[in-house]
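J.:
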Amino acid sequence: MKRSKEIADQYFNFLDTHIQAVISGETSEFMEVNEIAGKLAISHTHLTDTIKKETGQHPCYFYDEKIICQAQKMLQTSNKSIAEIARIFTYDPSNFSKFFKKMTGVTPGEFRISGKMGK
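So the number in the numbering used here is just where the residue sits in the sequence shown, counting from 1, plus 11.
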């Protein structure tokens with residue numbers, strides 16, 4: 012396996028584990044991409060360049076996508092209020108709604124009502 016592919020796989024696996032740790036409350040906040048790079052023992056620039064080379068997208072794109080995917084699952088499968096879900100994802104409820112709408116084109120409430128899977 013190419014080293015760049017290995018780095019990309021490590022990044023995606025780290026994101027999945029880290030996001031679950033935030034959701035479960037094991038971790039109190041989301042790490043910055045530069046902190047993740049440090050955990051992977053590479054520089055922020057190297058991580059960014061490698062992910063862009065492998066995927067054509069910035070690492071933040073995938074981070075946001077994975078957060079939204081988990082939020083969508085929670086909106087569909089739980090009875091928690093949108094404010095509770097926002098707090099689980101370490102967001103102020105109004106900022107969460109703005110982030111969610113920017114990423115999906117609908118508000119969390121609209122998504123919950125329609126079950127629509129975004130963009």
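From the three backbone atoms N, C-alpha and C, an ideal C-beta is built for every residue, glycine too.
Can you give me the C-alpha to C-alpha distance between Lys-63 and Asp-75, rounded to a whole angstrom?
T.: As a first step, residue 63 must be located in the sequence shown, where it is residue number 52. As a first step, residue 75 must be located in the sequence shown, where it is residue number 64. Cα to Cα, the separation comes out at about 15 Å.
J.: Comparing C-alpha positions only, which one of Ser-54, Ala-32, Ile-53 and Phe-25 sits nearest to Phe-100?
T.: Working through the sequence shown from its first residue, we reach residue 100 at position 89. Considering only alpha carbons, the answer is Ala-32.
J.: By how many angstroms is the C-alpha of Ser-54 removed from the C-alpha of Ser-125?
T.: Taking the first residue of the sequence shown as position 1, residue 125 is located at position 114. Taking the first residue of the sequence shown as position 1, residue 54 is located at position 43. Taking the straight line joining both Cα atoms gives about 42 Å.
J.: How many angstroms separate the CA atom of Ile-79 from the CA atom of Thr-61?
T.: In the sequence shown, residue 79 corresponds to position 68, counting from 1. In the sequence shown, residue 61 corresponds to position 50, counting from 1. If you take the alpha carbons of Ile-79 and Thr-61, they lie about 23 Å apart.
J.: Whole angstroms is fine: what's the gap from Glu-40's alpha carbon to Asn-24's?
T.: As a position in the sequence shown, residue 40 is number 29, starting the count at 1. As a position in the sequence shown, residue 24 is number 13, starting the count at 1. Cα-Cα distance, rounded: 18 Å.
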